[in-house]
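Student: Per the UniProt record's numbering, the sequence shown starts with residue 1, numbered consecutively.
My structure is below; once you've seen it, I'll send some questions.
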Amino acid sequence: MSYQSEYQRAIREPEAFWQEKAAELPWFRQPQTILSTDANGMQRWFADGQMNTAYMALDWHVEQGRGEQTAIIYDSPVSNQKKQISYASLLKQVALFAGVLKAQGVEKGDRVVIYMPMVPEALVAMLAVARLGAIHSVVFGGFAPHELALRIEDAEPKVVVSASCGIEVNKVIEYKPMLDAAIERSSYKPLRCIILEREQAPVQLSSERDLDWHEAMAKATPADCVPVAGTDPLYILYTSGTTGKPKGVVRDNGGHAVALNYSMQSIYNMQPGEVFWAASDVGWVVGHSYIVYGPLLAGCTTLLYEGKPVRTPDAGAFWRVVQEYGVKVLFAAPTAFRAIKKEDPEATKLERYNIGKLRAIFMAGERLDPPTYDWVVKHTGKPVIDHWWQTETGWAICANPTGIEDMPPKPGSSTLPVPGFDVQVLDGNGQPMPDGQQGAIAIKLPLPPGCLPTIWGNHERFQAGYLRDYPGYYCSGDGGYKDKDGYVFIMGRTDDVINVAGHRLSTGEMEEILAAHAAVAECSVIGIHDELKGQVPIGLVLLKDGVEIEESRLQEELVAMVRSEIGPIACFQRAVVVQRLPKTRSGKILRKLLRQIADGQEYAVPSTIDDPASLSEIESLMQSQGVVKAS
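Next up, the structure:
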């Protein structure tokens, strides 16, 4: 079947299409009501189906004779540990830990917060919660007590599962003191905390509330799978909100399983038994979808990597893992490859490894700039596939559907809408934009399976944040355009479009131009306030290691490049060399924060920031360069 026929059928006959995809999974009771409306007026998938996600991901594969196949490869350069866990062994551990949770009173619909590093026990905990029909909420390991407390207050978990520490490059981060502080601050108190002790940070269990993971497992009785409805929640995942209060994205069981299983085939072209590596963290949506659930639902081997693309030990880390385990598909954020490129511009570390089994490299999480795309293609010789999705959708909105029909790539584009996503480019009045013209990217309702149906405990916030701007559409908050072939180009968040003397210009387009300079490793372009023109762009650039160039000369060359590619209308006249850019822990540059700093506005340090010190550094630099405006 061609992409076009598959896509058109998903749009024109969505119920028949998704019923077929649902039938590929082992439900306890196959759904007959495929699309219905809930009490909030939202259209929901598979409401009358009975299932259990953990059963689909584990028990069923063991029953089919796949028990001895490796389910999880654990590779941890930061702790010098490697481990492989079979489907049968993983099932045993999950059933036992489900028994631990059940003994603490966890039942269907209860919440469990998981505050863990990248260790196999994190996956065991997630699957054990799902096995009981409960709802997990994974919080990125190492989040500050205040942010953890907010999530505990919102989710009201009966149990918190954590570890004594996480391990970064040459640094151990103790989790237990932060967890204790979060519970102290929270107005809601969990009944129990189950703590996994790691040898890098022995821990004293401080109260009757705390249980030791290993001791509890030794005494546990395995628990069976609890049937849930297709529309029952599987997890809550918090993402940043404009109000400062995190938004709890809800994912249901049925749509989630169907969408991820379909995506493993249609997008990533994975077969049972093959090794899939999402180089992310279980605290992020990529970790939920493609470290834990997607590969296991599809009967693949998933790779759990506790390390970095560089400095564990060097810029060859990714290539070593690909060779050692025969990885078929690698999925990471562009920032990971920019880090590798910065430390190893000529990819000399890659020459030490054989990555012949690697079929494709997928990237998402931020816009894939063409210079990074070109560098990875040039040095790996592998297809590099940009795809676009969000925490809210849980899987790709636009991608190259390599399992259906491998489409020719276009650098800068996330290729085509995935079957099920009716992607439109709209103007300010909600009218479709002509090909090639930028507008707001929106998805016509109903959203396909796997997407969020609400915000935990606050459906009004869901309506206001996603559905109100364009009635009948989900507003993605991203801007871009489609070309004449239907390829989608995401140019950044809609607030990354700047208005220079009445002309709407994309900072993403300018970033492409700056990143093409031979000296530039990474960059960000922001719009700052200007009395005459409203806004003008300024570039913040990070140089490649070992490059020496006078800043004045670099600025002249960058200004000339932007003028040549976009024209004087861009009014690009300033580039500042920085040592690092403030980013979230998932690698996204905090552009809004940079704009606030440049305009002299007050700003709040977000909980997702990777290195808070980068803010003070860049603010001081902007002040010394005369960039920061008077507040």
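The beta carbon of each residue, even a glycine, is placed where N, CA and C say it ideally should be.
Please read all numbers here as calculations on a predicted model, not as lab measurements.
Could you tell me which residues DSSP puts in a beta bridge with Phe331?
Tutor: Here residue 331 refers to the residue found at position 331 when the sequence shown is read from its first residue. Answer is Ala278 and Phe362, bridged to Phe331.
Student: Excluding the five sequence neighbours on either side, which residues of its own chain have a C-beta within less than 7 Å of the C-beta of Ala347, listed in chain order?
Tutor: Residue 347 sits at position 347 when you count from the first residue of the sequence shown. Closer than 7 Å at the Cβ level, and outside the excluded window around Ala347, lie His379.
Student: Give, in chain order, every unbroken run of the alpha helix (DSSP H) that is at least 4 residues long and sits entirely within the segment 101–141.
Tutor: For the segment 101–141, whole alpha helix (DSSP H) runs of length 4 or above, ordered along the chain, are 120–131.
Student: Figure out for me which residue from Ile195, Glu551 and Val119 has the closest Cα to the Cα of Ala519.
Tutor: Against the sequence shown, residue 519 aligns to sequence position 519. The shortest Cα separation from Ala519 among Ile195, Glu551 and Val119 belongs to Glu551.
Student: If we require 4 or more residues per run, which alpha helix (DSSP H) segments fall completely within the segment 41–108?
Tutor: Within the segment 41–108, the complete alpha helix (DSSP H) runs of at least 4 residues are 60–63 and 87–103.
Student: Would you give the residue range spanned by the alpha helix (DSSP H) that Tyr474 belongs to?
Tutor: Counting from one through the sequence shown, the residue named residue 474 turns up at place 474. Careful: Tyr474 lies outside any alpha helix (DSSP H), inside the beta strand (DSSP E) at Tyr473 to Lys482.
Student: Please return the same chain residues whose Cβ sits closer than 6 Å to the Cβ of Met491, not counting the five positions on each side in sequence.
Tutor: By 1-based counting over the sequence shown, the position of residue 491 is 491. Hits under 6 Å: Gly479, Gly480, Ser506 and Gly508.
Student: By the three-class DSSP mapping on this structure, what secondary structure does Asn400 have?
Tutor: Here residue 400 refers to the residue found at position 400 of the sequence shown. If DSSP states are grouped into helix, strand and coil, Asn400 belongs with coil.
Student: Would you call Met1 buried or exposed, if buried means 16 or more other Cβ atoms sit within 10 Å of its Cβ?
Tutor: As a working mapping, residue 1 is identified with position 1 in the sequence shown. By the neighbour-count rule (16 or more Cβ atoms within 10 Å), Met1 is not buried but exposed.
Student: Closer than 8 Å by C-beta to Thr37: which residues in its own chain qualify, once you throw out the five before and the five after it? Chain order, please.
Tutor: Along the sequence shown, read from residue 1 onward, the residue named residue 37 stands at position 37. For Thr37, where only same-chain residues beyond five positions count, the Cβ hits under 8 Å are Gln43 and Arg44.
Student: Report, in whole angstroms, the separation of the C-beta atoms of residue 635 and Leu467, which I expect to be a contact under 8 Å.
Tutor: Outside the shown range of the chain (1 to 631) lies residue 635, about which nothing can therefore be said.
Student: On the DSSP bridge assignment, give the partners of Ala575 in chain order.
Tutor: In the sequence shown, counting from the first residue as 1, residue 575 sits at position 575. Looking at the DSSP assignment, Ala575 forms a beta bridge with Gly539.
Student: Using alpha carbons as the reference points, say which of Leu123, Gly105 and Ser76 lies closest to Leu91.
Tutor: In the sequence shown, counting from the first residue as 1, residue 91 sits at position 91. Comparing Cα-Cα distances from Leu91 to each of Leu123, Gly105 and Ser76, the minimum goes to Leu123.
Student: By the DSSP assignment, the alpha helix (DSSP H) with Ser616 in it spans what residues?
Tutor: One-based indexing of the sequence shown puts residue 616 at position 616. Note, Ser616: alpha helix (DSSP H), Ala613 to Ser624.
Student: Using CA atoms only, rank isn't needed, just tell me which of Ala339, Ile152, Glu343 and Ala332 is closest to Met363.
Tutor: On the sequence shown, position 363 is the one that residue 363 refers to. Checking every option, the nearest Cα to that of Met363 belongs to Ala332.
Student: Mind checking whether Ala128 and Val94 have CB atoms under 8 Å apart?
Tutor: As a first step, residue 128 must be located in the sequence shown, where it is residue number 128. As a first step, residue 94 must be located in the sequence shown, where it is residue number 94. Closer than 8 Å, so yes.
Student: Assign Tyr188 to one of two classes, buried (16 or more other C-beta atoms within 10 Å of its C-beta) or exposed (fewer than that).
Tutor: For the purposes of this step, residue 188 is taken as the residue at position 188 of the sequence shown. Tyr188 is exposed by the Cβ-count criterion.
Student: On the DSSP bridge assignment, give the partners of Ile513 in chain order.
Tutor: Looking up residue 513 in the sequence shown gives position 513. Its beta-bridge partners do not exist; DSSP assigns none.
Student: Within its chain, find whatever has a CB closer than 6 Å to the CB of Glu602; leave out the 5 residues flanking it on each side and keep chain order.
Tutor: On the sequence shown, residue 602 is found 602 positions in, with the first residue counted as 1. Answer for Glu602: no residue qualifies.
Student: Tell me, which residues are paired with Ala229 by DSSP?
Tutor: What you label residue 229 is simply residue 229 of the sequence shown in a count that begins at 1. According to DSSP, which records beta bridges pairwise, Ala229 is partnered with Gln50.
Student: Could you check the C-alpha separation between Glu548 and Val541 for me, to the nearest Å?
Tutor: For the purposes of this step, residue 548 is taken as the residue at position 548 of the sequence shown. For the purposes of this step, residue 541 is taken as the residue at position 541 of the sequence shown. Roughly 14 Å between the two C-alpha positions.
Student: In whole angstroms, what is the alpha-carbon distance linking Ile355 and Gly41?
Tutor: Indexing the sequence shown from 1 puts residue 355 at position 355. Indexing the sequence shown from 1 puts residue 41 at position 41. In a straight line, the C-alpha of Ile355 is about 49 Å away from that of Gly41.
Student: In the DSSP assignment, find the unbroken beta strand (DSSP E) run with Leu426 in it and report its ends.
Tutor: Residue 426 sits at position 426 when you count from the first residue of the sequence shown. Val423 to Leu426 is the extent of the beta strand (DSSP E) around Leu426.
Student: Within this structure, are the beta carbons of Thr454 and Ala257 separated by less than 8 Å?
Tutor: Position 454 of the sequence shown, counted from the first residue, corresponds to residue 454. Position 257 of the sequence shown, counted from the first residue, corresponds to residue 257. No, the pair does not count as a contact, with Cβ atoms beyond the cut-off.
Student: Only counting the same chain, and skipping five residues up and downstream in sequence, which positions put a Cβ closer than 6 Å to that of Leu148?
Tutor: Your numbering for residue 148 matches position 148 in the sequence shown. If we look at Leu148 and ignore the five residues flanking it on each side, its Cβ neighbours are Val139 and Ala182.
Student: With the cut-off set at 8 Å, would you say Arg29 and Gln50 are in Cβ contact?
Tutor: Working through the sequence shown from its first residue, we reach residue 29 at position 29. Working through the sequence shown from its first residue, we reach residue 50 at position 50. Contact flag set, yes.
Student: What are the boundary residues of the alpha helix (DSSP H) that includes Ile183?
Tutor: The residue labelled residue 183 in the question sits at position 183 within the sequence shown. Run containing Ile183: Lys176 to Arg185, per the alpha helix (DSSP H) assignment.
Student: CB-CB under 6 Å to Ser162, same chain, minus the five flanking residues each way: which ones, in chain order?
Tutor: To locate residue 162, count along the sequence shown from 1; it is residue 162. Counting only Cβ-Cβ distances below 6 Å, and skipping sequence neighbours, we find Tyr115, Tyr175, Leu179 and Ile195.
Student: Would you list the residues sitting across from Phe489 in a DSSP beta bridge?
Tutor: Locating residue 489 in the sequence shown gives position 489, counting from the first residue. Phe489 is bridged to Tyr481.
Student: What did DSSP end up calling Asn429 once you bin it into helix, strand or coil?
Tutor: Stepping through the sequence shown from its first residue, residue 429 is reached at position 429. Coil at Asn429, not helix or strand.
Student: Between the Cα of Val226 and those of Asp110, Cys300, Tyr325 and Val327, spot the shortest distance and give me the residue it belongs to.
Tutor: Residue mapping note: residue 226 aligns to position 226 of the sequence shown, counting from 1. For the residues Asp110, Cys300, Tyr325 and Val327, the minimum Cα distance to Val226 belongs to Asp110.
Student: With a CB to CB cut of under 7 Å and the five nearest residues on each side skipped, what residues in its chain are close to Thr34?
Tutor: Locating residue 34 in the sequence shown gives position 34, counting from the first residue. According to the sequence as given, residue 34 is Ile; it is not Thr. Here the set comprises Glu15, Trp18, Gln19, Trp45 and Phe46.
Student: With three or more beta-carbon pairs closer than 8 Å as the criterion, would you say the segment 79–88 touches the segment 62–70?
Tutor: Yes, the segment 79–88 is in contact with the segment 62–70.
Student: Using a Cβ-Cβ cut-off of 7 Å (strictly less than) and excluding sequence neighbours within five positions of Asp106, which residues of its own chain qualify?
Tutor: In the sequence shown, the residue the question calls residue 106 occupies position 106. Note on residue identity: the sequence assigns Val, not Asp, to residue 106. Cβ neighbours of Val106 beyond the five flanking positions: Val112, Leu132, Ala134, Lys158 and Val159.
Student: For the candidate residues Phe462, Ile441 and Gly587, whose alpha-carbon lies nearest to that of Val497?
Tutor: Working through the sequence shown from its first residue, we reach residue 497 at position 497. Minimum Cα distance to Val497 is reached at Ile441.
Student: Are Ala315 and Asp344 touching if we call contact CB-CB under 8 Å?
Tutor: Mapped onto the sequence shown, residue 315 falls at position 315. Mapped onto the sequence shown, residue 344 falls at position 344. For Ala315 and Asp344, yes; Cβs fall inside 8 Å.
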